[in-house]
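These notes concern the structure reproduced below.
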Ligand SMILES: CC(C)(COP(=O)(O)OP(=O)(O)OC[C@H]1O[C@@H](n2cnc3c(N)ncnc32)[C@H](O)[C@@H]1OP(=O)(O)O)[C@@H](O)C(=O)NCCC(=O)NCCS
């Protein structure tokens, strides 16, 4: 059994985040809906076990009542880290007046599709060939996922923040 906690990203985390983003996503930039985002410049949360980052989530505010989850990575899966990061994010933006959050994932990412749908997100849009376009900007995006599915399209999922927030998971002191 190991212990870990969730904390907001700080400026001093940038170098470590850059390395982890390169490991997970091929570079520190993310191309979603034809827009480039540098993950190390975004707000978010880290899961940390002692000095080691074992999970990270980044997001941006869209309109005053909408926020986009840009990335979510758990480096030790099935221990509740992804859920705890998501809870921390939802609590943070809900407190800022956001009532709708959305994210983009790709057609191959069956695990993410299950994870988000089990946590209140609904499929809200399909952007055909968006990843094929993104690959022109970011050639590091692989053609195929590890499960053998060709990565080509973006799926958008949206969640309206309801009253069912997990209050035990995170508190920002
Ligand atoms: C999707 C992702 C973020 C999920 O992270 P995770 O840390 O594995 O998520 P959790 O541990 O909170 O939940 C995963 C499962 O583990 C289970 N779980 C949680 N704590 C557990 C524990 N202590 N023991 C056993 N199982 C546990 C959860 O019930 C959950 O199952 P469910 O979805 O059927 O309810 C992770 O797989 C990931 O980083 N994927 C690669 C990057 C990616 O695709 N990101 C999303 C695209 S934006």
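Numbering (this note's numbering), first residue to last: 78 to 250.
By construction, the Cβ of each residue, glycine as well, lies at the ideal position given by its N, Cα and C atoms.
In this text the structure is predicted, and so the values were computed from the model without any measurement.
What is the DSSP secondary structure of residue i, counted as helix, strand or coil?
{"i": "residue 245", "result": "With a pLDDT of 43 at residue 245, under the threshold of 50, the modelled position of this residue cannot be trusted; read the value that follows with caution. If DSSP states are grouped into helix, strand and coil, residue 245 belongs with coil."}
{"i": "residue 131", "result": "strand"}
{"i": "residue 118", "result": "helix"}
{"i": "residue 250", "result": "Any reading at residue 250 must be qualified, since the residue scores a pLDDT of 38, below 50, and its modelled position is unreliable; no value is offered."}
{"i": "residue 212", "result": "helix"}
{"i": "residue 202", "result": "strand"}
{"i": "residue 227", "result": "strand"}
How would you label residue i, buried or exposed, when you count the other beta carbons within 10 angstroms and need 16 or more for buried?
{"i": "residue 113", "result": "exposed"}
{"i": "residue 122", "result": "buried"}
{"i": "residue 211", "result": "buried"}
{"i": "residue 174", "result": "exposed"}
Let's see if you can read the secondary structure: which residues bound the beta strand (DSSP E) around residue i?
{"i": "residue 179", "result": "177–183"}
{"i": "residue 168", "result": "Run containing residue 168: none in the beta strand (DSSP E); it sits in the alpha helix (DSSP H), 158–172."}
At what residues does the alpha helix (DSSP H) containing residue i begin and finish?
{"i": "residue 186", "result": "Note, residue 186: premise wrong, no alpha helix (DSSP H); not H, not E."}
{"i": "residue 107", "result": "Run containing residue 107: none in the alpha helix (DSSP H); it sits in the beta strand (DSSP E), 106–109."}
{"i": "residue 100", "result": "91–102"}
So residue i and residue j are supposed to be a Cβ contact under 8 Å. How far apart are they, rounded?
{"i": "residue 158", "j": "residue 81", "result": "7 Å"}
Examine ligand 3 and report whether any of its heavy atoms sits within less than 8 Å of the Cβ of residue i.
{"i": "residue 180", "result": "Looking for ligand 3 in the displayed structure turns up nothing; the ligands present are ligand 1."}
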